[in-house]
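The structure under discussion appears below in the form of structure tokens.
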Amino acid sequence: MAIANLRIQPRFPTWPVYLAGLLPALFYTYQIFYGDLGADPAKTLEHAMGEWALRFLILGLAITPLRRELGIGLLKYRRAIGLVAFLYVVLHLTVYLLLDQGLDWPAIWADIVKRPYITIGMAGFVLLLPLAVTSFNAAIRWVGGRNWNRLHKLVYPAVLAGAVHYVMLVKSWPVEPLVYLAIVVALLGWRVWRRA
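To convert, note that position 45 of the sequence shown is 73 in my numbering; the numbers rise steadily by one, no gaps.
Set out below in structure tokens:
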């Protein structure tokens, strides 16, 4: 049987996706209380939340290619995955604002203006914000299906911004951020190829 003819349709409800998505946050909460985050807990937590945000964003981006190319139907879980991803984006941003910068708004603004990786990261957050706000059925009815679909295409530049933010943040060329960026570019490239 050809791969394209396979159909894998998980039947479990969406709540286990939310529960599984919370596990990394619970793990790091445990580490906070037991002092296992190393010499700079704020930075460790900030980077961990950002990495998990990017992982879930990439997983959400991969759902359509997995369905069309491999017959793996995860579409019913995309909203849950997207909301979990946004949760980690918010946690990443909260740690930066509160623990890293101490809510020093002039310093935060200077960071956004002067540091390109912060600028790009903030741009990614701004792009994701309307997607999270309109992720519910009532919002789809209010905005309209076609407009909603157009709006949610903002996820593409948002995920790309997140991957670029990660690469620039590291200030060197380690493998992991480049792998994430390559996966994002491949998933976006697949969409361009499908439309060609």
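We put the CB at the ideal spot given by N, CA and C, even for glycine.
Quick one: what's got a C-beta closer than 6 Å to residue i's C-beta in the same chain, skipping five residues either side?
i	result
V192	I148
K199	none
G172	none
Check the DSSP bridge columns for residue i and list the partner residues they point to.
i	result
I100	I36
Would you call residue i buried or exposed, if buried means 16 or more other Cβ atoms sit within 10 Å of its Cβ?
i	result
G66	exposed
A48	exposed
V220	exposed
W80	buried
A76	buried
Which first and last residues belong to the alpha helix (DSSP H) in which residue i is found?
i	result
T57	43-61
T147	144-161
H120	106-122
H193	183-198
L125	Per DSSP, L125 belongs to no alpha helix (DSSP H) and is neither H nor E.
L215	203-223
G173	173-179
Just to confirm my understanding: we take residue i, look at its own chain, exclude 5 residues before and 5 after, and list those with CB closer than 7 Å. What are they?
i	result
L85	A113, V187, G190
L131	L125
F153	V117, L121
L103	I91, R95
T42	K104, Y105, A108
Q59	L65
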